[in-house]
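To get our numbering, take the position in the sequence shown, counting from 1, and add 35. Every residue, glycine too, gets a C-beta built ideally from N, C-alpha and C.
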Amino acid sequence: MKLFIFSILVMAMFMLMVNCAKDSPAGTDSPTSNTILSIDDDNGVFLKDSWERAEVQVFQPAGDFGGGVLVPGTLFPPTNKKVSKLKREDDELEYKIKTSGLPPGAYTNWWVIINNPENCTDGVCDIEDIFFNPATNASVFWATGGVVGPDGKGKFRAEIEIGELPDGPDQHIIGPGLLNPQGAEVHIIIKYHGPASSDPDELYLQTHTLTGLCSEGANAIQDAFGVNCFDPQFVIHMP
Numbered sequence: 036m037k038l039f040i041f042s043i044l045v046m047a048m049f050m051l052m053v054n055c056a057k058d059s060p061a062g063t064d065s066p067t068s069n070t071i072l073s074i075d076d077d078n079g080v081f082l083k084d085s086w087e088r089a090e091v092q093v094f095q096p097a098g099d100f101g102g103g104v105l106v107p108g109t110l111f112p113p114t115n116k117k118v119s120k121l122k123r124e125d126d127e128l129e130y131k132i133k134t135s136g137l138p139p140g141a142y143t144n145w146w147v148i149i150n151n152p153e154n155c156t157d158g159v160c161d162i163e164d165i166f167f168n169p170a171t172n173a174s175v176f177w178a179t180g181g182v183v184g185p186d187g188k189g190k191f192r193a194e195i196e197i198g199e200l201p202d203g204p205d206q207h208i209i210g211p212g213l214l215n216p217q218g219a220e221v222h223i224i225i226k227y228h229g230p231a232s233s234d235p236d237e238l239y240l241q242t243h244t245l246t247g248l249c250s251e252g253a254n255a256i257q258d259a260f261g262v263n264c265f266d267p268q269f270v271i272h273m274p
């Protein structure tokens, strides 16, 4: 039952995320990935880098459940740096995010890996494809966590190998993990868990679990299925 509730919460989250991605205009704020160019120091020429780049996007507003230091309804778009870089290897994925405009506090990141996006309905991967279309082999699971300081700058990094999954409680939502590094559609969710706790055990929950301290001062979102921390920003890397 607990896993079902978590799945419903994440489903609602991704319904909004997919709609945001569809509505995002082309240009500097488009989530579409592209190849970074780097300079060959020996020859002074531009070469293709192995890192793909995508813009970090604003996502959900602060909620009004459980109290917190944020004003409910406030959005937190990136204010300066807003780059996510993804490297695809034959057996793993790795990302590095540098973003800004985040409220200070504790955070988790979540992988959403759609291993076979070519099987998504009508060529667009939506919430139905992630949770109810087994042909996409989609997975949702914890990536990393950390603390953002008063400057609002967030730096996150994670990597995952084929078939690897986190084994901690409240970390694996659905799916078999990474199966198709080169062809997967990759979403990364940045989730706020409230002001960073001074208690090490509580801080661990805030940075390593889906619902850690969400109902205790994290400006959470409540619906018919329970309480969930809100997601101020997200990224989509297309294959």
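Test item: CB-CB of residue i and residue j under 9 Å
| i | j | result |
| --- | --- | --- |
| D99 | N215 | no |
| T156 | N172 | no |
| M273 | A89 | yes |
| K122 | K133 | no |
| H222 | T143 | no |
| A219 | N151 | yes |
| D164 | N154 | yes |
| L248 | Q241 | yes |
| D266 | K226 | yes |
Distance, residue j Cα to residue i Cα
| i | j | result |
| --- | --- | --- |
| P211 | W145 | 15 Å |
| T114 | K120 | 18 Å |
| I74 | E87 | Bear in mind that the predicted position of I74 carries a pLDDT of just 47, short of 50, making it unreliable; the figure below should be weighed with that in mind. The alpha-carbon atoms of I74 and E87 are separated by roughly 16 Å. |
| G229 | Q217 | 35 Å |
| L245 | S85 | 31 Å |
| I209 | F166 | 8 Å |
| F191 | D234 | 22 Å |
| N263 | A178 | 17 Å |
| N131 | G101 | Here residue 131 is Lys; the residue named in the question, Asn, does not match the sequence. Their backbone Cα atoms lie some 31 Å apart in a straight line. |
| A193 | P201 | 12 Å |
| L128 | E237 | 29 Å |
| L137 | A170 | 35 Å |
| G184 | S135 | 10 Å |
| G198 | D125 | 13 Å |
| H270 | Q92 | Reading off the sequence shown, one finds Val at residue 270, where the question assumed His. Between V270 and Q92, the C-alpha separation is close to 6 Å. |
| G203 | V182 | 19 Å |
| G261 | I195 | 29 Å |
| G250 | L213 | What sits at residue 250 in the sequence shown is Ser, not Gly. C-alpha separation (whole angstroms): 31 Å. |
| V159 | T109 | 29 Å |
| P107 | I149 | 32 Å |
| G105 | V147 | Checking the sequence, you will find Leu at residue 105 rather than Gly. Taking the straight line joining both Cα atoms gives about 27 Å. |
Identity of the residue in the options nearest residue i by Cα
| i | options | result |
| --- | --- | --- |
| P112 | M273, A170 and Q268 | Q268 |
| G103 | A141, E127 and I195 | A141 |
| P139 | G252, G101 and D236 | G252 |
| V175 | S232, G187, D258 and H207 | H207 |
| G189 | G180, L105, D258 and E196 | G180 |
| F94 | I195, I197 and I224 | I224 |
| D205 | V106, Y239, G187 and I195 | Y239 |
DSSP bridge partner residues for residue i (one or two, in chain order)
| i | result |
| --- | --- |
| V262 | Q257 |
| E129 | K122 and E194 |
| H272 | V221 |
| V182 | A141 |
| A89 | S119 |
| F100 | A255 |
Residue i: CB within 8 Å of a non-hydrogen atom of the ligand ATP
| i | result |
| --- | --- |
| W145 | In the structure shown, the ligand ATP is absent, as is every other ligand, since no ligand is present at all. |
Exercise for review: Scan the region 201-230 and note each continuous beta strand (DSSP E) run of 3 residues or more that stays entirely inside, going in chain order.
Suggested key: 207-209 and 220-227
Check your understanding: Whole beta strand (DSSP E) runs in the region 132-179 with 3 or more residues, listed along the chain?
Key -> 140-149
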